[in-house]
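Working notes, beginning with the structure itself.
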Amino acid sequence: MQFLNTFNAELVIESPGRINLIGEHTDYNMGYVLPTAIEKKIIFEFQKNGSEKECNVYSKGFDVGFQLDLGNLSKSNIEWENYILGVLNEISKRTDKVEGFNCTIQSNLPAGSGLSSSAALECGLAFGLNELFQLGLSKMDMVQLSQTAEHTYAGTQCGIMDQFASVMSEAGQVILLDCRSLERKMIPIHLDPYKLILLNTKVSHNLATSEYNVRKQECEEGVATIKQYFPEIASLRDVSMDMLQHCEPYLSETVHRRCAFIIAENKRVLAVAEALESNDLSKVGTLLYEAHEGISSQYEVSCPESDFLVAIAKTDAKVLGARQTGGGFGGCTLNIVHEEAVTTFVEKATKEYKEKFDIDLEAFEVRPSTGTKVASLEVQ
Ligand code: ADP
Ligand code: MG
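If you read the sequence shown in this note's numbering, its first letter stands for residue 88, the second for the next number, and so on.
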């Protein structure tokens, strides 16, 4: 695949990662989320190669590549290839306009860190092929086909949030997304003098995919039981705490806790959106801490490393709030930190994290950024 390092790109696509300010695991429960794209991204370079069906895809960061045949898009045993194959498979159900292409991928978005490199990969590929071959797909088509690719080829039963945020975000705003109606409201976010700081735990526990799917099943189990008493509900989005309380005797203790988290988390998303609109960042911070508590003890998708970093944040009065962001079991914590305190906070967290886990913490600022886009060839 050496030649792929040298080809002249016809098209360059930037596909960003995302943070979710709040609303974890609410997307597949048809609730609310509050994500935005960040500057860290995957960059794709594309070129038609003149063949009918042969495609070459090379990941510079991973230093691996593979060749595929558009006539045979069956699943691979190699994880990352499935994101590519899954997207091509979904596109092939919609159009036969794709022909042979070469594509290289480079990324400054850490993979498996809760910043949704998987959605960036899927959506960037879909966006690029749509441009290159004029497929006529809408942004929403690309979001949805990428989500389906993640279900069918990568095996994660994810909601719509990651792909939606990667494609639809706008600079300086977060998206209040209703995952049932797909209605969105763009909310400007005024952080000054605070900053959004990510601390990357650098752990990505293997549980992420399997437990994600288990959580989804537990929520479905909850819905099935609650529906027997309240037939009008279609998802946890429709369930109130009173309804849940009524059904408590019929639910396992675990399923009850999962449902309680989702119901509370949906409320928190709306409360954070309101607090952002009234510029009440300290309220936002309090809700982030509350959310982490739920993520850790009710939904049980945190891990000792994330809990440790959130606990450090809590000891610092200049940090308004913190929580693990992303599907769980590691990845990054998101912290709202006063600009004057960023250095001391990061130094303290880095030192204590190293002492406790012997891992070098990675810290970086993120800003709400634009979604997937065509980049100018000159800047590459
Ligand atoms: P997240 O989406 O939070 O980053 P996932 O486990 O959902 O975590 O997706 C990470 C996977 O996406 C990686 O294991 C890899 O298969 C794929 N991936 C991410 N970035 C790249 C890249 N630059 N090149 C190839 N594959 C990548
Ligand atoms: Mg992912």
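Think of the CB as a built atom: it goes at the ideal place given N, C-alpha and C, for glycine as much as any other residue.
Per the DSSP secondary-structure output, H425 pairs in a beta bridge with Y281. E132: member of the beta strand (DSSP E) spanning 122-135, first to last residue. In the assembly as shown, F149 is an exposed residue. Its beta-carbon has fewer than 16 other beta-carbons within 10 Å. Here the alpha carbon of E308 sits roughly 41 angstroms from the alpha carbon of E442. Membership of C190 in the beta strand (DSSP E) is indicated by the continuous run 188-194. Taking the Cβ atoms as the reference, V99 lies roughly 5 angstroms from E132, within the contact range of under 8 angstroms. Around the CB of G381, 16 or more other CB atoms lie within 10 Å, so the residue is classed as buried. Judged by their CB atoms, I399 and A450 are not nearer to each other than the 8 angstroms cut-off. Within the DSSP bridge table, the entry for G408 names I423 as partners. Residue burial annotation: I165 is exposed, with fewer than 16 other C-beta atoms found within 10 angstroms of its C-beta. The beta carbon of F444 sits closer than 7 angstroms to those of E392, all from its chain and outside the five residues before and after it, given in chain order. Distances between the C-beta of S233 and the heavy atoms of the ligand MG are all 7 angstroms or more. Here the alpha carbon of A321 sits roughly 27 angstroms from the alpha carbon of T412. Under the Cβ criterion (8 angstroms, minimum of three pairs), the region 208-218 counts as touching the region 182-191. The closest CA to that of R105, considering only S204, K282, M227, S291, is found on S204.
Taken from the Cβ of A206, at least one heavy atom of the ligand MG lies inside 7 angstroms. Relative to the Cα of E270, the nearest Cα in the group F251, T288, G201, N287 belongs to F251.
Taking 8 angstroms as the cut-off, the beta carbon of S102 is found closer than this to the beta carbon of T459.
At a cut-off of 7 angstroms, the beta-carbon of F149 counts as near the ligand ADP: some heavy atom of the ligand is closer than that. The DSSP-derived three-state label of D150 is coil. Per DSSP, reduced to three states, the secondary structure at G415 is coil, with no helix or strand assignment.
Taking the Cα positions, E218 is about 17 angstroms away from N176.
Put simply, the backbone Cα of H112 is about 7 angstroms away from that of G414. In this chain, D445 is not harboured by any beta strand (DSSP E), its DSSP state being neither H nor E.
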